[in-house]
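J.:
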Amino acid sequence: MISRDVIVVGAGAAGLFCAAQAGKRGRSVEVLDHAKKVGRKILMSGGGRCNFTNMYASAENFLSDNPHFCKSALSRYTQWDFIGLVAEYGIAYHEKTLGQLFCDETAKDIVALLMSECEKAKAKVTTHCDIQSVEKTDSGFLLETSMGQYQCESLVIATGGLSMPKLGASPFGYKIAEQFGLKVKPTRAGLVPFTLHEQDKSVLAELSGISLDASASCNDTSFNENILFTHRGLSGPAVLQISSFWHPGQFVSFDLFPNGDLAQTLQQAQSSSPDSLLATALAKHFPKRYVQTALPYLGLENKPLKQYQGKQLNQAAQAFHNWQLKPNGTEGYRTAEVTLGGVDTNQLSSKTMMANDVEGLYFIGEVVDVTGWLGGYNFQWAWSSGWVAGQVV
Numbered sequence: 058m059i060s061r062d063v064i065v066v067g068a069g070a071a072g073l074f075c076a077a078q079a080g081k082r083g084r085s086v087e088v089l090d091h092a093k094k095v096g097r098k099i100l101m102s103g104g105g106r107c108n109f110t111n112m113y114a115s116a117e118n119f120l121s122d123n124p125h126f127c128k129s130a131l132s133r134y135t136q137w138d139f140i141g142l143v144a145e146y147g148i149a150y151h152e153k154t155l156g157q158l159f160c161d162e163t164a165k166d167i168v169a170l171l172m173s174e175c176e177k178a179k180a181k182v183t184t185h186c187d188i189q190s191v192e193k194t195d196s197g198f199l200l201e202t203s204m205g206q207y208q209c210e211s212l213v214i215a216t217g218g219l220s221m222p223k224l225g226a227s228p229f230g231y232k233i234a235e236q237f238g239l240k241v242k243p244t245r246a247g248l249v250p251f252t253l254h255e256q257d258k259s260v261l262a263e264l265s266g267i268s269l270d271a272s273a274s275c276n277d278t279s280f281n282e283n284i285l286f287t288h289r290g291l292s293g294p295a296v297l298q299i300s301s302f303w304h305p306g307q308f309v310s311f312d313l314f315p316n317g318d319l320a321q322t323l324q325q326a327q328s329s330s331p332d333s334l335l336a337t338a339l340a341k342h343f344p345k346r347y348v349q350t351a352l353p354y355l356g357l358e359n360k361p362l363k364q365y366q367g368k369q370l371n372q373a374a375q376a377f378h379n380w381q382l383k384p385n386g387t388e389g390y391r392t393a394e395v396t397l398g399g400v401d402t403n404q405l406s407s408k409t410m411m412a413n414d415v416e417g418l419y420f421i422g423e424v425v426d427v428t429g430w431l432g433g434y435n436f437q438w439a440w441s442s443g444w445v446a447g448q449v450v
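Here the sequence shown stands for residues 58 to 450, numbered as in our numbering.
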C-alpha cells in the first residue's frame, strides 16, 4: 500500500497547482489521473495558446448559486500572483482583448510550468491510474486504484466537470461528493455554441463563416463581442458568454449594430444617396453576403432608400438592433468549455475548499459550483482554489 499525506485526483490546472503548493509545505503529495497525459484541457485551450488568466478577474466574473463564495480564494491568490509566476518562468505572453492573457508560443509552456512546480515541490504525478473506490478511514482515506491501494490524510478532488468528454471528462467528482453526502447543483453546458430551430438554421447556415460585432443579451446580462455563424448554429465570444445565462425556451436578443445608431446612419444615406437600395447602404456596415440573407429573413424589403418614410427606416434599423432569436439548444458538453453547477459551495469552506462535514476532503476547480466567464477566468479559479487548498491540505 502506498501512503501519502495528500492525494490529488485530477492532473488538470487546479490539481497540479494545488499539489505543488502542498508539496512546498513539505507534505508528501501524489496526483492521480486516469488520462494518458496531464493537462489535456490546458493544451487545447485558447486555440493551443492557453488563455491562462484575465487582468480584470474579480468575483463579478463568476456564476454560482452563492456569488460570494469565490471572493476569498480570488483575493488571496490573484491574477497578478499567477502572472508573476508566468514571468518568473520567462514565458512570453500578450493581451489579446478585454484583459485576456495568452502565451505567445504554446499552451505547453503552462503545463511545463505546472510540472516544474510539482517537481520542485517533490509532488509525484501518476497517469493511467483509474480510481475504483474511495473510503473514509479513521486516519483519512483509502483508495482502491488500478495501480493498487493508496492511503492519505487529505484527499483533493480536482476532476473538473463534464465538458469535452473526448478529453476524459467524467462525473467522478460529483459521485464522490454525493458518496460523502454533499449536495451537487444541477449541471449543464456553459460557454457553448447555440444550435438553431430548423426554420432559422435552413436560412442562417448559408452564412457559415461570417462573423459580426454584436451585443448578445439574456436575463439582464449583455456581452458586446462578436458572433459567428456556423453550419450548425451560432458561436463566437458573445454567444459563448451569453449561453451560460440562457435557459431552454428563452429568447436571446442581439444588437447587430452595437456601437452606433443604425436609423441615423440610414437616414444620412437616404439624404446623400436616395436612389441607393437599402442593401447597398447596409453593405457599407455589414458583410454583403450577410445583408443579402438578412433582409428577407428579417422581413425587410430591398427598395431604394427614397421610398422609405422616416418611420420605416427606423423599423428596418430596429430589426438589426433587436434581433430576437430563440435557440433550439446548445451543442452540449461535446464542445462546451465549462460545466455550470457542481458541488454546492454551501457544503465547502470558502477559505480552505474543505467539505464542512468531511474532515480532509477538498474540492477545487471546475467540479465546484463556480463558473467563470470566457476569457481566462476559469483558469484563474483553478489557480486560486488550488492555491488556497494547497495551503492547508
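All C-beta atoms, glycine included, are put in the ideal place defined by N, C-alpha and C.
1) Thr428: which of Lys98, Arg106 and Gly217 sits nearest, CA to CA?
2) Quick one: what's Glu201 bridged to in DSSP?
3) Can you tell me whether Asn108 is buried or exposed, with buried defined as 16 or more other CB within 10 angstroms of its CB?
4) Answer yes if the region 284 to 291 comes into contact with the region 244 to 262, meaning at least three C-beta pairs across the two stretches below 8 Å, and no otherwise.
5) How big is the Cα-Cα spacing for Asp312 and Gly266?
6) So which of Gly306, Glu192, Ala351 and Val249 has the shortest CA-CA distance to Gln234?
7) For Leu199, is the beta carbon positioned less than 7 Å from some heavy atom of the ligand HEM?
8) So Ala336 is in the alpha helix (DSSP H); what residue range does that whole segment cover?
9) Run through the DSSP bridge pairs and tell me what Met411 is partnered with.
10) Roughly how many angstroms lie between the CA atoms of Phe251 and Ser292, to the nearest whole one?
11) Between Ser441, Asp90, Val450 and Ile167, which has its C-alpha nearest Ala116's C-alpha?
12) Kindly indicate the opening and closing residues of the beta strand (DSSP E) around Leu397.
13) Hey, how far is the Cα of Ser279 from the Cα of Glu255?
14) Would you please state the rounded distance, in angstroms, between the beta carbons of Val74 and Gly433? I believe it to be under 8 Å.
15) Measuring straight from C-alpha to C-alpha, what distance separates Leu15 and Pro124?
16) Would you identify the three-state DSSP class for Arg289, choosing helix, strand or coil?
17) What does a CB cutoff of less than 7 Å around Gln421 pick up in its chain, not counting 5 residues either side in sequence?
18) Given a threshold of 16 other Cβ atoms within 10 Å of its Cβ, counted over all protein chains shown, does Ala144 qualify as buried or as exposed?
19) Taking Lys360 and Leu334 to be in contact with their CB atoms under 8 Å, please state how far apart those CB atoms are, rounded to whole angstroms.
20) Is Cys186 near Asp90, with beta carbons less than 8 Å apart?
21) Restricting to runs no shorter than 3 residues, where is the beta strand (DSSP E) found entirely within the region 75 to 137?
22) For Ala320, which residues from the same chain have a beta carbon less than 7 Å from its beta carbon, with the 5 sequence-adjacent residues on both sides left out?
23) Taking DSSP as the reference, what is the three-state secondary structure of Ser309?
24) What would DSSP say about Leu264, mapped onto helix, strand or coil?
25) Quick check: the region 90 to 103 against the region 223 to 231, are at least 3 beta-carbon pairs closer than 8 Å?
26) Which one or two residues does DSSP pair with Leu212 in a beta bridge?
27) Distance check for Ala178 and Tyr419, CA to CA, integer angstroms please.
T.: Here's the rundown:
1) For the set Lys98, Arg106 and Gly217, the Cα lying nearest the Cα of Thr428 is the one of Gly217.
2) Partner(s): Ser190 and Gln206.
3) Taking all protein chains shown into account, Asn108 has 16 or more neighbouring C-beta atoms within 10 Å of its C-beta and is therefore buried.
4) With a cut-off of 8 Å on Cβ pairs, the region 244 to 262 is in contact with the region 284 to 291, counting three or more such pairs.
5) Cα to Cα, Asp312 sits roughly 19 Å from Gly266.
6) The sequence as given places Ala at residue 234; Gln does not occur at that position. Residue Glu192 holds the alpha-carbon nearest to the alpha-carbon of Ala234 among Gly306, Glu192, Ala351 and Val249.
7) No copy of the ligand HEM occurs in the structure displayed, which carries no ligand at all.
8) Element bounds for Ala336: Leu335 to Leu339.
9) For Met411, the beta-bridge partners assigned by DSSP are Tyr419.
10) If you take the alpha carbons of Phe251 and Ser292, they lie about 6 Å apart.
11) The residue among Ser441, Asp90, Val450 and Ile167 with its C-alpha nearest the C-alpha of Ala116 is Ser441.
12) Segment Val395 to Val400, the beta strand (DSSP E) holding Leu397.
13) If you draw a straight line from the Cα of Ser279 to the Cα of Glu255, it comes to about 26 Å.
14) The question names Val, but residue 74 is Phe in the sequence shown. The C-beta distance from Phe74 to Gly433 rounds to 15 Å, too long to meet the 8 Å contact threshold.
15) Residue coverage of the chain in this structure runs from 58 to 450, which leaves residue 15 outside it and unanswerable.
16) Secondary structure of Arg289 (DSSP, three-state): coil.
17) The residue you asked about is not Gln; residue 421 is Ile in the sequence shown. Here Ile421 has Ala71, Cys75, Val213, Ala215, Met410, Ser442, Gly443 and Ala446 as same chain residues with Cβ atoms under 7 Å from its own Cβ, once five neighbours each way along the sequence are excluded.
18) Per the 10 Å Cβ criterion, exposed.
19) The Cβ separation is near 7 Å, so the contact holds.
20) In this structure, Asp90 lies closer than 8 Å to Cys186 by Cβ.
21) Correct list: 86 to 89 and 108 to 111.
22) These residues qualify, in order along the chain: Leu370, Asn371 and Ala374.
23) Contrary to the premise, residue 309 reads as Val rather than Ser in this sequence. The answer is strand: DSSP assigns Val309 an E or B state.
24) The answer is helix: DSSP assigns Leu264 an H, G or I state.
25) Taking a cut-off of 8 Å for Cβ pairs, the region 223 to 231 and the region 90 to 103 touch, as three or more such pairs fall below it.
26) According to DSSP, Leu212 bridges with Ile64 and Leu418.
27) Taking the straight line joining both Cα atoms gives about 20 Å.
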